[in-house]
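Trainee: According to this note's numbering, numbering within the sequence shown proceeds without interruption in unit steps and concludes at 322. There's a structure below that I have some questions on.
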Amino acid sequence: MKGLWLEKGELKYRDDIPDPELTNGEALIKVLLAGVCSTDIELVKGYYPFFGVLGHEFVGQVIKAPTDPAWEGKRVVGEINAVCGECEACKAGRPTHCENRTVLGIKGRNGVFAEYCTLPVENLHEVPPSLPNDVAVFTEPLAAAMEIHQQVHIHPSDRVVLIGAGRLGMLIAFSIMVNGCELKVVARRNRARRMLKNRGIMTIGVEDIHPRMADIVIDATGNPEGFLLAKRAVRPRGKIILKSTYKGSVNVDLSSVVVDEITLIGSRCGPFAPALKLLENAVVNPIDLIDGKYQLSDGVKALEKAGSPGVLKILIDPTSSK
Numbered sequence: 001m002k003g004l005w006l007e008k009g010e011l012k013y014r015d016d017i018p019d020p021e022l023t024n025g026e027a028l029i030k031v032l033l034a035g036v037c038s039t040d041i042e043l044v045k046g047y048y049p050f051f052g053v054l055g056h057e058f059v060g061q062v063i064k065a066p067t068d069p070a071w072e073g074k075r076v077v078g079e080i081n082a083v084c085g086e087c088e089a090c091k092a093g094r095p096t097h098c099e100n101r102t103v104l105g106i107k108g109r110n111g112v113f114a115e116y117c118t119l120p121v122e123n124l125h126e127v128p129p130s131l132p133n134d135v136a137v138f139t140e141p142l143a144a145a146m147e148i149h150q151q152v153h154i155h156p157s158d159r160v161v162l163i164g165a166g167r168l169g170m171l172i173a174f175s176i177m178v179n180g181c182e183l184k185v186v187a188r189r190n191r192a193r194r195m196l197k198n199r200g201i202m203t204i205g206v207e208d209i210h211p212r213m214a215d216i217v218i219d220a221t222g223n224p225e226g227f228l229l230a231k232r233a234v235r236p237r238g239k240i241i242l243k244s245t246y247k248g249s250v251n252v253d254l255s256s257v258v259v260d261e262i263t264l265i266g267s268r269c270g271p272f273a274p275a276l277k278l279l280e281n282a283v284v285n286p287i288d289l290i291d292g293k294y295q296l297s298d299g300v301k302a303l304e305k306a307g308s309p310g311v312l313k314i315l316i317d318p319t320s321s322k
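Written out as structure tokens, the structure reads:
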């Protein structure tokens with residue numbers, strides 16, 4: 001099988017990766033299109049000690065599903081955490097925190113920057129016929145954005161500051177604007193400012209952040225400075241939602257967090273069904289976030305491009321070849 005293989009901090013295109021083997025309850029999926037995420041870039045940098053095929057954002061077609069053949073031939077997206085169903089977290093209704101989980105392209109499971117991948121059938125969601133691959137591939141990152149709505153009830157009267165207008169930050173902004181709250185997005189680049197303005201979303205600069213200006217602050221910067229800005233902006237008893245994953249650490253005075261009674265909320269994977277519905281109904285239209293599409297054989301270049309300043313979504317198409 002052809003794919004992008006990460007090992008010892010080096011990403012390579014290979015044409016000799018062993019074909020996936022199905023275990024009970026899993027489906028074999030042909031990857032039709034995959035998206036590059038900031039987490040993929042950070043994994044190459046050493047954010048987490050993963051080796052194997054990278055990638056977790058995808059739309060594909062089920063080739064085999066021995067335990068549930070009704071899935072065969074269907075176009076699907078898939079939740080990335082494969083869980084055991086038996087540990088304390090699973091039995092308590094927290095399956096995304098399964099103690100024995102594997103995570104697609106992140107932990108213990110080969111990902112989607114390849115011709116094929118596998119996932120449990122229970123992780124799959126059928127893609128509506130009207131949804132093109134270029135839009136359906138955004139389901140996983142939009143679901144991650146939607147997780148914020150599962151964790152915090154955002155009221156129309158809330159003052160919300162989103163720091164970071166990158167590939168995930170844009171989707172967070174698009175989903176939050178539906179609530180009708182007072183949303184301000186810290187966007188450094190003119191292009192991002194124009195895109196947000198065209199959707200009726202207010203943008204501000206770092207220099208416009210002042211103490212206690214927001215009830216809820218979301219850090220989607222992907223760097224340590226984002227948290228420090230969020231801490232400055234949030235009011236006492238406000239909430240900071242952390243969406244950034246990166247290699248490195250933050251030096252912060254936690255005493256002020258205690259004194260101001262700030263709630264810190266980590267946020268990662270989210271609900272696929274609402275994300276698919278927003279995409280299907282064009283409530284969120286991410287198509288203008290696409291900055292390029294690469295063949296699988298050019299996948300290393302694709303990740304390099306995705307890591308360039310100001311670049312939004314880069315896609316990899318395993319079905320095309322030179």
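Every residue, glycine too, gets a C-beta built ideally from N, C-alpha and C.
Could you say if the segment 220–228 and the segment 243–255 meet the contact criterion of at least three C-beta pairs nearer than 8 Å?
Mentor: In short, these stretches touch, since the Cβ pair count reaches three.
Trainee: Within 10 Å of its beta-carbon, does K12 have 16 or more other beta-carbons around it, so buried, or fewer, so exposed?
Mentor: It is exposed - the Cβ of K12 has fewer than 16 other Cβ atoms within 10 Å.
Trainee: How would you call N24, buried or exposed, if buried means at least 16 neighbouring beta carbons within 10 angstroms?
Mentor: Classification for N24: exposed.
Trainee: So, for T139: in the same chain, excluding its five sequence neighbours on each side, which residues have a beta-carbon less than 7 Å away from its beta-carbon?
Mentor: Closer than 7 Å at the Cβ level, and outside the excluded window around T139, lie V77, F272, A275, L276 and L279.
Trainee: Could you name the residues that DSSP lists as bridge partners for Y13?
Mentor: Answer is L4.
Trainee: In or out: I241 buried (at least 16 other Cβ within 10 Å) or exposed?
Mentor: I241 is buried by the Cβ-count criterion.
Trainee: Given a threshold of 16 other Cβ atoms within 10 Å of its Cβ, counted over all protein chains shown, does F51 qualify as buried or as exposed?
Mentor: Exposed, since its Cβ has fewer than 16 Cβ neighbours within 10 Å.
Trainee: Would you kindly work out how many angstroms separate the C-alpha atoms of P236 and I262, rounded to a whole number?
Mentor: So the alpha carbons of these two residues sit roughly 6 Å apart.
Trainee: Given this structure, state the Cα-to-Cα distance separating V284 from G85, to the nearest angstrom.
Mentor: Computed Cα separation, rounded: 33 Å.
Trainee: What are the partner residues of G292, as DSSP defines its beta bridges?
Mentor: G292 pairs with I314.
Trainee: For a quick check, are the C-beta atoms of I154 and I209 less than 9 Å apart?
Mentor: No, the Cβ-Cβ distance between I154 and I209 is not below 9 Å.
Trainee: Taking the straight line between their C-alpha atoms, what separation do you get for A165 and I218?
Mentor: Distance between the alpha carbons of A165 and I218: 11 Å.
Trainee: Which stretch, first to last residue, makes up the beta strand (DSSP E) that contains A27?
Mentor: Here the beta strand (DSSP E) through A27 covers E26 to G35.
Trainee: So the beta strand (DSSP E) F272 belongs to, where does it begin and stop?
Mentor: Taken as a continuous stretch (DSSP letters only), F272 belongs to no beta strand (DSSP E), being part of the alpha helix (DSSP H) at F272 to E280.
Trainee: From what residue to what residue does the beta strand (DSSP E) around P141 run?
Mentor: Per DSSP, P141 belongs to no beta strand (DSSP E); it is in the alpha helix (DSSP H), T139 to Q151.
Trainee: Pairs of beta-carbons, one from the segment 125–139 and one from the segment 191–203, closer than 8 Å: are there three or more?
Mentor: Touching, no.
Trainee: Can you check whether the CB of F113 is closer than 9 Å to the CB of L4?
Mentor: Yes, the pair counts as a contact, with Cβ atoms nearer than the cut-off.
Trainee: Could you check the C-alpha separation between V160 and V103 for me, to the nearest Å?
Mentor: Looking at the two C-alpha atoms, the distance is approximately 31 Å.
Trainee: Determine the direct distance from the alpha carbon of V44 to that of G9, and round the result to whole angstroms.
Mentor: Going from the Cα of G9 to the Cα of V44 covers about 5 Å.
Trainee: Apart from the five residues on each side of it in sequence, which residues of its chain come closer than 8 Å, Cβ to Cβ, to L228?
Mentor: Correct list, in chain order: V250 and V252.
Trainee: So who's on the other strand from E57, going by DSSP bridges?
Mentor: DSSP lists G35 as partners of E57.
Trainee: Taking T203 and V185 to be in contact with their CB atoms under 8 Å, please state how far apart those CB atoms are, rounded to whole angstroms.
Mentor: The pair is a contact, with the Cβ atoms about 5 Å apart (cut-off 8 Å).
Trainee: Throw me the rounded Cβ distance for the I29 and H56 pair, which I believe falls under 8 Å.
Mentor: At roughly 13 Å, the Cβ-Cβ gap does not stay under 8 Å, so I29 and H56 are not in contact.
Trainee: Give me, in chain order, the residues of the same chain whose beta-carbon lies closer than 7 Å to that of C98; leave out the 5 immediate sequence neighbours on both sides.
Mentor: Here the set comprises N81, V83, C84, C87, A89 and C90.
Trainee: Going by DSSP, what residue range makes up the beta strand (DSSP E) through I241?
Mentor: That run of the beta strand (DSSP E) goes V234 to L242.
Trainee: Would you tell me roughly how many angstroms separate the C-alpha atoms of E147 and S267, rounded to the nearest one?
Mentor: E147 and S267: Cα-Cα distance of roughly 7 Å.
Trainee: Tell me, please, which residues DSSP counts as bridged to Y116.
Mentor: DSSP, once it has assigned bridges, lists K30 as partnering Y116.
Trainee: Ignore the nearest five residues each way along the sequence and tell me which others in M213's own chain have a CB closer than 6 Å to its CB.
Mentor: Once the five neighbours on either side are set aside, the close Cβ partners of M213 are A233.
Trainee: For the beta strand (DSSP E) containing L162, list its first residue and its last residue.
Mentor: Taken as a continuous stretch (DSSP letters only), the beta strand (DSSP E) holding L162 covers R159 to I163.
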